[in-house]
Amino acid sequence: MTGLRERKKQRTRRALVTAALRSFQEKGFEETTIAEIAAGAEVSARTFFSYFASKEDVIFYDGPERMRYVLDLVAGRRPGEPVAELLVRVIRASLKWAVDPGNFDLAEAAARMELMLTVPSLQARALHVLFEQQLQLAEAVERAYEGELGALEAAAMVGSLVGAVKLTAVMSLTRGDSQERVWEAITAAAEISMRGLSNV
327 MTGLRERKKQ RTRRALVTAA LRSFQEKGFE ETTIAEIAAG AEVSARTFFS YFASKEDVIF
387 YDGPERMRYV LDLVAGRRPG EPVAELLVRV IRASLKWAVD PGNFDLAEAA ARMELMLTVP
447 SLQARALHVL FEQQLQLAEA VERAYEGELG ALEAAAMVGS LVGAVKLTAV MSLTRGDSQE
507 RVWEAITAAA EISMRGLSNV
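FYI, our numbering numbers position 158 of the sequence shown as 484, with every residue one higher than the one before it.
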């Protein structure tokens, strides 16, 4: 059970994210100051820096936690589980994690996606994060299938999976799809990438 101190930290973090996204949409990312974000969350600028190192970090706030969750799933590969099945299961589990209370908001996700697509500094950060996450996942898959799968095969499978899922998510969110439709599209993309185009 989460303690009172941790719940308070989570509420403060959430308030900072909400205030930041509201200000980014109203004023623009570059025009928004950290002091304004802190004021919107009713905390000090010093408190902001206890949670985030920069404005960019607010946009990618859930990346490290989600990545740890994914890597733990891969490390806990089921005996005899084929890599394609594991990766599709990872996507499904990641989506389930996202819909837990406090982990996902469709309007917030769409707003973050729009910022990543339109603000140059966030575009660069998003590409860097995407590359790092794919590399971590590929290395984790190789470790989980040591002696069965080489580095190049792991990289190719992860690249196919992540590319399909990310592009589908962008298209579905920017189209204004419902949360259910976004999830369906992402799951279908993961399954297609693992089946292979010849079976579509």
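Virtual Cβ for every residue (Gly too), placed ideally from N, Cα, C.
Proximal residues to residue i (C-beta, below 6 Å), its chain only, five neighbours per side dropped
{"i": "residue 509", "result": "421"}
{"i": "residue 362", "result": "349"}
Buried or exposed (CB count within 10 angstroms, at least 16 for buried), residue i
{"i": "residue 500", "result": "exposed"}
{"i": "residue 516", "result": "buried"}
{"i": "residue 359", "result": "exposed"}
{"i": "residue 453", "result": "exposed"}
{"i": "residue 477", "result": "exposed"}
{"i": "residue 374", "result": "buried"}
{"i": "residue 459", "result": "buried"}
{"i": "residue 378", "result": "buried"}
{"i": "residue 527", "result": "Because the chain spans 327 through 526 in this model, residue 527 falls outside it and cannot be assessed."}
{"i": "residue 533", "result": "For residue 533 there is no data in the structure shown, the boundaries of the chain being 327 and 526."}
{"i": "residue 514", "result": "exposed"}
{"i": "residue 450", "result": "exposed"}
Whether residue i touches residue j by CB criterion (7 Å)
{"i": "residue 367", "j": "residue 341", "result": "yes"}
{"i": "residue 448", "j": "residue 442", "result": "yes"}
{"i": "residue 472", "j": "residue 480", "result": "no"}
{"i": "residue 347", "j": "residue 437", "result": "yes"}
{"i": "residue 519", "j": "residue 498", "result": "no"}
{"i": "residue 455", "j": "residue 387", "result": "no"}
{"i": "residue 403", "j": "residue 412", "result": "yes"}
{"i": "residue 496", "j": "residue 463", "result": "no"}
{"i": "residue 351", "j": "residue 432", "result": "no"}
Rounded distance between the beta-carbons of residue j and residue i, thought under 8 Å
{"i": "residue 445", "j": "residue 355", "result": "5 Å"}
{"i": "residue 470", "j": "residue 400", "result": "5 Å"}
{"i": "residue 338", "j": "residue 369", "result": "6 Å"}
{"i": "residue 511", "j": "residue 494", "result": "5 Å"}
{"i": "residue 475", "j": "residue 409", "result": "6 Å"}
{"i": "residue 392", "j": "residue 423", "result": "7 Å"}
Neighbourhood of residue i by C-beta, 7 Å cutoff - its chain only, sequence neighbours within 5 removed
{"i": "residue 331", "result": "none"}
{"i": "residue 376", "result": "none"}
Residues of its chain near residue i, where Cβ-Cβ distance is below 8 Å and the 5 sequence neighbours each way are ignored
{"i": "residue 522", "result": "none"}
{"i": "residue 507", "result": "498"}
{"i": "residue 489", "result": "519"}
Every unbroken alpha helix (DSSP H) inside the segment 334 to 371 [4 residues or more]: 360 to 366
Length at least 4, wholly inside the segment 442 to 487: the alpha helix (DSSP H) runs in chain order: 446 to 470
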